[in-house]
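Taking it in order: structure first as structure tokens, then the write-up.
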């Protein structure tokens, strides 16, 4: 559910005091979904992103006609693999579904002021309000390293307050005012903020000097050290060099284990296959690390057409060589490799490996595996098991948008299994849980109308209830198709289903 997809976004070009806009297709992920799985980021990156969003919004306001964006929230922002942020092109037909998602009550209430019920009006204030709410959300779900200082927290509190309170004398009237208020990242201040981490790292180095690299490995596990040398600055890099230079010859095996552990970290948690390839490289005596390096190279290519047989052979070699105990990381790497293959045979391998891996896995890993296993079971035609996996996902997911996708998938599976009663039951369950779901209501309408055993009066009554709950349904293209297909007639408050 975290794979990149294609979106039409705004490409903004500044020239003097004007700005020009065009549409561009990129592959990426909605920012709100990306943040769910990547809350840890450097403070520098956090500040850069907030500045960039404000810059783009200001640029939009500079375009000919002085347009407003209207839909400023984390759902309308796309992040690419290069960590570039773009606003969606809301005039592109391909993004109509995203607009429908943002019209849900739960989203409107969070990113619109109380006096604005829907994304109907356009104004600079509403864009500024959305920007303030987006900053507020970004700060609430992220865990920057180093942490914000008290002064920075106070600055952001003022920015959010001036963005949300339009009646305040100090309320922003232009995005440029907000943009000037955003703190700027300073390396020296960041170094002060990571003093505690630096003490940990230097202490770790001392342990290495006294007790060898094995103590250092235990320290890393306890402190959950993530080897983020980019965010540690030059002193962090120097510390890493001190550690490396002081590893004794007899500690080579432990040094190899450290590199492999870091390779797994970048491969599995950060999906940075370039970095994982670096850490898996360099140990000529360890054939398994060399195979993992090759797997990282495959993951970088993404498209393995023409080399599927080579990848399948490589995955077999890794499984044959991996240790029998403490092999969770290897199993997860194999699953990622088979996901890249994507065929039915690979799906069956994912089911087999996932069953092994989840036995002693953490809750986070089990959640990840449930998504992989559900799709694999579906791909392999094991629909009963696919239903079980998707049902498990419902218990874990918290975001309404993701839950809606799971409910839709379950409805589809029950229909494919020719169990219409179960399909209807799960669809109604989803509607009860997700009060703003237009898609589930439209699916349910189609199911009722298509069933000759359901009285037309019941169909009509259900449709009327759904339209009363969400009036926008009546204007949807899907509903217009249902009207034509099943002879649905709407006249004022009266509604009939003809066939």
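In my numbering, the protein residues as written are 83 to 581. Using N, Cα and C, we set each Cβ at its ideal position, and we do this for glycine too.
Cα-Cα separation, residue i to residue j
i           : j           : result
residue 213 : residue 154 : 6 Å
residue 435 : residue 416 : 8 Å
residue 551 : residue 576 : 16 Å
residue 246 : residue 210 : 8 Å
residue 579 : residue 491 : 27 Å
residue 395 : residue 179 : 41 Å
residue 357 : residue 508 : 43 Å
residue 405 : residue 339 : 13 Å
residue 343 : residue 447 : 16 Å
residue 225 : residue 237 : 17 Å
residue 107 : residue 559 : 24 Å
residue 547 : residue 124 : 48 Å
residue 145 : residue 243 : 27 Å
residue 471 : residue 485 : 13 Å
residue 557 : residue 457 : 33 Å
residue 142 : residue 151 : 7 Å
residue 407 : residue 475 : 28 Å
residue 149 : residue 351 : 40 Å
residue 518 : residue 139 : 28 Å
residue 512 : residue 373 : 44 Å
residue 96  : residue 104 : 12 Å
Counted within 10 angstroms of its Cβ, other Cβ atoms place residue i as buried (16 or more) or exposed
i           : result
residue 266 : exposed
residue 526 : buried
residue 215 : buried
residue 427 : exposed
residue 227 : buried
residue 170 : buried
residue 388 : exposed
residue 477 : exposed
residue 90  : buried
residue 355 : buried
residue 23  : Absent from the model: residue 23. The displayed extent of the chain is 83 to 581, so no value can be given.
residue 523 : buried
residue 173 : exposed
residue 233 : exposed
residue 569 : exposed
residue 229 : exposed
residue 188 : exposed
residue 68  : It is not possible to answer for residue 68, since the shown part of the chain is limited to 83 through 581.
residue 516 : buried
residue 341 : buried
residue 544 : buried
Where residue i falls: helix, strand or coil (DSSP)
i           : result
residue 257 : helix
residue 88  : strand
residue 435 : helix
residue 216 : helix
residue 553 : helix
residue 580 : coil
residue 442 : helix
residue 544 : helix
residue 267 : coil
residue 249 : coil
residue 74  : Because the chain is modelled from 83 through 581, residue 74 falls outside the range shown and cannot be assessed.
residue 504 : helix
residue 185 : coil
residue 517 : coil
residue 288 : A caution first: residue 288 carries a pLDDT of 34, below 50, which makes its placement in the model unreliable, though a value can still be read off. Here residue 288 sits in helix by DSSP.
residue 358 : helix
residue 176 : helix
residue 326 : The pLDDT assigned to residue 326 is 44, lower than 50, so where the model puts this residue is not dependable, and the model offers no usable value.
residue 140 : helix
residue 145 : coil
residue 202 : coil
residue 338 : helix
residue 459 : helix
Opposing strand residues paired with residue i [DSSP bridges]
i           : result
residue 94  : 103
residue 110 : 87, 162
residue 226 : 123
residue 573 : 576
Segment limits, beta strand (DSSP E) that includes residue i
i           : result
residue 161 : 159-162
residue 169 : 167-169
Boundaries of the alpha helix (DSSP H) in which residue i is found, first to last residue
i           : result
residue 482 : 482-498
residue 421 : 410-423
residue 531 : 520-532
residue 239 : 232-246
residue 469 : 465-478
residue 370 : 369-383
residue 392 : 390-403
heavy atom of the ligand FAD below 6 Å from residue i C-beta
i           : result
residue 228 : Questions concerning the ligand FAD fall outside what the structure shown contains, since it holds no ligand whatsoever.
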